[in-house]
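Data block below; observations after.
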Amino acid sequence: MMPARQASQSEAMKKKKRSQRDLVVQILLFALLCSLMADAAIAIRFPDPVSPRSDDAPSNRPLKTAVFALGCFWRSEAVFGCLNGVVRTSAVYAGGSKLNPEFRSLGDHAEAVQIEYDPKLINFRQLLDVFWSSHDSRQVFGQGPDVGQQYRSIIFTNGTEEARLASLSKEREQTRSRSSIVTTQIQQLGAFYPAEPEHQVAFLVGFSCSLLTVQRRTSSIHLWMVGAILLVSFTAAFCPPSPQTLIQSKFSKRVAIRWAVLINIQ
């Protein structure tokens with residue numbers, strides 16, 4: 001009887017320690033975002049100009065919008081989050097005719113990501129390069145383990161120039177895949193609909209940081225928005241090596257200096 005009781009107590013202690021570690025991770029991730037907003041680390045996304053002008057700040061510059069479908073929109077949103085010049089990302093439903101689609105009732109829509117970007121820092125051609133390199137455009141009826149028409153590959157274009165660039169990029173992609181057909185569709189951007197709140201910045205929600213999504217579209221919290229989508233990509237391991245290393249170093253520094261007691265929990 002005693003060994004069984006000891007085993008039960010040991011298991012309970014392990015569960016308690018795991019819960020403590022999970023809490024530490026949540027606290028540290030939130031604190032990391034706060035610290036990123038408090039210093040110049042955010043400059044990895046918006047380098048300071050030589051002659052700063054208040055009317056040309058990132059939050060005041062006109063932004064452009066791009067929409068892509070490349071599988072599950074959770075992953076799609078994270079893919080674009082670390083790109084220099086991307087200001088906001090949102091999970092949306094696009095490409096179909098159904099009015100007001102919902103996750104459980106999509107109709108003919110696809111899961112997609114809406115990207116708001118600064119054209120002075122990144123252009124549509126560069127976004128296309130990321131699009132092609134981030135999914136399998138030859139897969140039919142799904143993407144990766146996600147099966148269904150809602151996960152199909154689509155480039156949405158706004159105007160003749162974007163349509164031309166999309167067509168050229170698809171032709172180049174097809175030349176690289178002579179043994180199979182590129183299934184990506186190219187569509188004129190029409191009405192699209194925001195996904196439910198629980199699908200926005202999903203990788204942060206998974207770390208109990210969904211509060212960071214509140215008022216994401218308000219220009220007065222521009223740095224918070226940029227930091228939030230940056231952390232989305234970081235937690236999903238989609239950041240390029242340079243920002244990934246920088247965020248990790250910032251994270252480690254804060255852990256070492258401000259939360260030395262918490263990290264001793266085992």
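For the sequence shown, position 217 matches number 217 in UniProt numbering, and the numbering has no gaps at all. Cβ atoms here follow ideal geometry from the backbone N, Cα and C, with glycine treated the same way.
Continuous beta strand (DSSP E) stretch holding residue i: start and end
i      : result
SER179 : No beta strand (DSSP E) holds SER179; DSSP gives it neither H nor E.
Per DSSP, cross-strand counterpart(s) of residue i
i      : result
LYS64  : TYR117
GLU111 : TYR93
ILE186 : ILE155
GLN143 : ASP146
ALA166 : ALA166 is not bridged to any residue.
ALA69  : ILE154
PRO101 : PRO101 is not bridged to any residue.
ARG88  : GLU116
PRO194 : VAL92
C-alpha distance - residue i paired with residue j, whole-angstrom precision
i      : j      : result
ALA191 : THR157 : 12 angstroms
ASP129 : LEU99  : 31 angstroms
SER167 : GLN139 : 18 angstroms
HIS135 : ALA195 : 21 angstroms
ARG164 : PRO145 : 31 angstroms
THR184 : GLU11  : 50 angstroms
PHE131 : ARG176 : 15 angstroms
GLN149 : THR160 : 26 angstroms
ILE147 : PHE141 : In the sequence on display, residue 147 carries Val and not Ile. When rounded, the distance between both Cα atoms is 6 angstroms.
ALA94  : ALA110 : 5 angstroms
GLY107 : CYS72  : 16 angstroms
PRO101 : ILE186 : 21 angstroms
GLY96  : PHE103 : 13 angstroms
SER133 : VAL86  : 17 angstroms
LYS64  : ILE181 : 31 angstroms
SER105 : GLN114 : 20 angstroms
SER169 : ASN84  : 21 angstroms
TRP74  : PRO197 : 12 angstroms
Beta-carbon proximity check, residue i vs residue j, cutoff 8 angstroms
i      : j      : result
PHE80  : ILE155 : no
ARG88  : GLU116 : yes
ALA91  : GLN200 : yes
SER137 : GLU173 : yes
ALA66  : LEU121 : no
ASP118 : ARG61  : yes
ALA70  : GLN188 : Checking the sequence, you will find Leu at residue 70 rather than Ala. Not a contact, by the Cβ cut-off of 8 angstroms.
PHE124 : GLU77  : no
Residue span of the alpha helix (DSSP H) that contains residue i, given as start and end
i      : result
GLN126 : 124-133
Short CB-CB distance (under 8 angstroms) between residue i and chain D
i     : result
TRP74 : The displayed structure is made up of one protein chain only, and chain D is not part of it.
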